[in-house]
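Note sheet for the following structure.
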Amino acid sequence: MTATTATVAPAAYVNPLVAVCLGWLILAEPVRVPTLVGGVITVLAVAVVVRSEFQR
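Count along the sequence shown starting at 1, add 1245, and that's the number in the working numbering.
Put into structure tokens, the structure is as follows:
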């Protein structure tokens, strides 16, 4: 069984965002602007990879 980049990339790159959200919810860790900007950049990059893979 093989997995495409579009399948694997979201799991690999969105995982840290989930960790930040859980840290904020469970441990009341502060989420600052640089963290949010980095999260947005990560989500956009994953969207580009997924979209380009599905257009092939």
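C-beta atoms are modelled at their ideal positions from N, C-alpha and C, and glycine is treated no differently.
Since this is a predicted model, take the numbers as computed values, not measurements.
Taking the alpha carbon of Val1278 as the point to measure from, which residue in Val1259, Leu1272, Ile1286 has its own alpha carbon closest?
-> Ile1286
Under a three-way DSSP split, which group does Thr1249 fall into?
-> coil
Span separating the alpha-carbon of Leu1272 from that of Ala1292 | 29 Å
Could you give the distance in angstroms between the alpha-carbon of Gly1268 and the alpha-carbon of Glu1274?
-> 6 Å
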